[in-house]
Amino acid sequence: MDQDILRFRIVILISTAFIILGFVLSYLLWGHNRLPFGWDTPYYIVESRVAATQGFAGLLAVQGPYNFLYQLCSGLLVWSGISPFTVQIFLPIGISALLPYLLSRIARIEPDLKLATVVALATPGWYAVYIIVALPANLLGLVLILAAVPFFYKSNSIRHPMCVVGLVLVGLASFSHIESTLFFVAIMAIASLAFSAVPRSIALVTAAAALPASVLYALHLVQLFALTSYSLPVYSLEPFWFWLEIFGPLLPIAAYGLMTSMTGRRSPLKIFIIVWTLCSLLIGISQYFNAQTYIFAIRAAAIIPAPILAAVGFIRLRSWANTGRHDLIGLRNVRKWVLMTAFITLIIAWPVTYWVAAYQNERVYLTTSAAQRLQWISGNMKFTTTPIFIYDDLDELAGGNGNLFNNWVGAIVGQHLAYLGRVDYLVQVHETPFSNTASRLISALFMKQIYGSGITNRTSLLEHPIIIVEDFYNPYPLPTYFAGFFHQVYDGVFQSNSTSLQTLDNITLPMSSSLVNSQGPWYTIRRSWAQSIYSLEANVSSASTDLEASVLAAIPADGTYALNLRYWDGTGNNLQVVLDRTTIGALQYSGTDLPSIKSFTGLHLTAGVHSLTVKVDKNGSGLQYASLDYLAINRS
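The sequence shown begins at 6 in the working numbering and counts up one residue at a time.
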């Protein structure tokens, strides 16, 4: 056997083995309760079980006709008798293990086996390998696209058998993860139209292969965004060192590879990786100009082709080192040491990148205590009607965490309904108001399922047991004003008392966890006198500052209401209470050092969401102080 081929195969095997062993180590270090890694993984457990028990039609009814291929494949394995949890542990690892081979196949677009060997050698140092396993549908879409690319570059017409195979793979990828597919379809189009690296006819049919899935996904997005008034969620931007993590130790060699690719002779492969790199960089940077592109930005940035760039850079360094045979001994040694340093960097990138990426991303997104409680519910609680699980958190966290927890409940407990927010609003069969886009979206989706199950009033609602799990309700413990409506059936697991919930008419908002906007140094602290357990406080004794705190109050129906604000009657400047930009009254301290309630009565409110703001007066050198417990809304 040719030595180059043997070396190539050995490198593929070693790189693949390292990736697999890395995941094994991660599960030994951070795994628990035999649960799989990944934020989206419980969602795929639920859908694979649906595919296994209800078939393709059942999966489409739940998922919709987009991004379903991974769930269908994993559902087939579940149908064969494998646990869905086992499938979600091992299937993503198996797909990830294909990456060294697939990236090296792309490198073999050029007849240079040495380049392909170095690509395989650099792949275990690729950041994407260790984070995309937590996004298995994205991973399957990426693998199918990477498998398709060489077929297009080896075809000269759309009738060529290799082109047909590539189109089939693109079609499959589009129904696994359409966003990843469109990303690479765009790369192919740019490489073809701008640089003629691929025949235009092939680029056009590639786009056509992804068109059906694109249309179906676009319709889904329109329906989804309608629930949030066509706005996208906004997330915190990635810091500068995010880019260092993506490249890792491969950065200097990859940068050199990109530079030499752009300045030297541009082969079809180099054009492809240049366009791929620039697209990843531009989309990744877009988050700093429009935070609504965050999700697309970080995923495009994460799959920047660092292994191929590093391989190109290493081959060019090797060529440079070999051209200096007639140089002075000192210069020859410099060339040799540069090449050796580059090789060592490729190897060091393996453990360094693994540790950085795995430590941050490879974990079970469920606490051990929550897993044990859900497993207890699954094994011990029998429901005659579908239970409703409540999830609650701070405004900006409620949507993401609620969706995650709901997926875990579906994966471990099974069929259920979900509600995001306050018990008071649930009893009214009304959504809890949120200002965060993601929270509003998830709340609307949960409420849509509740309505779809035939729950339209309190009577039909209370036919269903309402479950609260300690880990899913933040802040915990439960407020005293509704804790009596639930009884603890297991450590940290509470079930509703339907009879007592019939009497719950007020809506009570804990000020600390209902906060949606504020000015000044407000903070949350646990207080023994607070019936919501935690108090929202501000205490400024130096220079006067703007102190405002706002909450949202949803009014189920038109009528006359009273607003009751419970607070600690200490000493300080007056508080102004503003409802929808209109001051409805002031709160004056009496200095009793006792909890007190200030009532604002006779307020005619229309159905919908209203904003209530508490402002602390700036009165010369007086103390600016507030300690707020809850806002109770009573219909007169």
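Yeah, the Cβ is synthetic: ideal placement off N, Cα and C, and Gly gets one too.
query	result
Tell me, to the nearest whole angstrom, how far the beta carbon of residue 424 is from that of residue 537; I am working on the premise that it is less than 8 Å.	About 19 Å separates the two Cβ atoms, so there is no contact after all.
Report the residue ranges of all beta strand (DSSP E) runs contained in full by the region 527–552; include only those spanning at least 3 residues, in chain order.	528–531 and 539–545
Under the rule that 16 or more other beta-carbon atoms within 10 Å means buried, what is residue 116, buried or exposed?	exposed
DSSP puts residue 499 in a beta bridge; with which residues?	473 and 493
Applying the criterion that 16 or more other CB atoms from any shown protein chain within 10 Å of the CB defines a buried residue, is residue 185 buried or exposed?	buried
Assuming residue 509 and residue 564 form a contact by the criterion Cβ under 8 Å, report the distance between their Cβ atoms to the nearest whole angstrom.	At roughly 17 Å, the Cβ-Cβ gap does not stay under 8 Å, so residue 509 and residue 564 are not in contact.
Exposed or buried, residue 595, counting other C-beta atoms within 10 Å across all chains shown (16 or more means buried)?	exposed
Does the count of Cβ pairs from the region 42–55 and the region 372–389 closer than 8 Å reach three?	no
Tell me which residues share the same chain as residue 449 and place their Cβ nearer than 8 Å to its Cβ, disregarding the 5 neighbours each side in the sequence.	232, 233 and 436
Note down, in chain order, each residue of its chain lying with its Cβ closer than 6 Å to the Cβ of residue 544, except the 5 sequence neighbours on either side.	630
Look at residue 171 and residue 157 and say whether their C-beta atoms are less than 8 Å apart.	yes
So is residue 547 buried or exposed if we call it buried at 16+ other beta carbons inside 10 Å?	exposed
Against chain B, does residue 293 count as a neighbour if the rule is that its beta carbon must be under 8 Å from one of theirs?	Included in the structure is just one protein chain, with no chain B present.
If you check the beta carbons only, do residue 506 and residue 467 fall under 8 Å apart?	yes
Just verifying my parser: in three-state terms, what is the DSSP assignment at residue 433?	coil
Rounded to whole angstroms, what is the Cα-Cα separation between residue 189 and residue 168?	16 Å
Going by the beta-carbon positions, is the gap between residue 566 and residue 503 smaller than 8 Å?	no
Whole angstroms are fine: how far does the CA of residue 63 sit from the CA of residue 79?	14 Å
So what's residue 603 in DSSP terms, helix, strand or just coil?	strand
Going by DSSP, what residues sit across from residue 620 in a beta bridge?	553 and 581
At which residue ranges does the region 289–354 contain complete alpha helix (DSSP H) runs of 4 or more residues, listed in the order of the chain?	299–307 and 311–327
For residue 178, which option in 194, 196 and 219 has the closest C-alpha, if you only look at C-alpha atoms?	219
Could you give the residue range of the alpha helix (DSSP H) that holds residue 95?	89–101
Kindly provide the ranges of any alpha helix (DSSP H) runs that are 4 or more residues long and lie completely inside the region 186–249, ordered along the chain.	205–231
Find the nearest neighbour of residue 55 within the set 42, 88, 307 and 282, judged by alpha-carbon distance.	88
Does the contact criterion of 3 or more C-beta pairs under 8 Å hold for the region 238–248 versus the region 297–311?	yes
By alpha-carbon positions, which one of 574, 576 and 541 ends up nearest to residue 618?	541
Return the CA-CA distance between residue 394 and residue 447, expressed in angstroms with no decimal places.	14 Å
Is it right to say residue 602 is buried, meaning 16 or more other beta carbons lie within 10 angstroms of its own, or is it exposed?	exposed
Are the region 302–314 and the region 104–120 touching, with three or more C-beta to C-beta distances below 8 Å?	yes
When burial is assigned at 16 or more other CB atoms within 10 Å of the CB, is residue 572 buried or exposed?	buried
Please name the residue, chosen from 131, 397 and 82, that lies closest to residue 101 on a Cα-to-Cα basis.	131
Please work out which residues of its chain come closer than 6 Å, Cβ to Cβ, to residue 249, disregarding the five sequence neighbours upstream and downstream, and give them in chain order.	none
Assuming contact is defined by CB atoms lying nearer than 8 Å, are residue 278 and residue 291 in contact in what I supplied?	no
Which residues in the same chain as residue 606 place their Cβ atom closer than 6 Å to its Cβ, once the five residues preceding and following it in sequence are excluded?	567
Taking 7 Å as the limit between beta carbons, can you name the residues of its chain near residue 253, skipping five residues before and five after?	130, 132, 354, 357, 358 and 361
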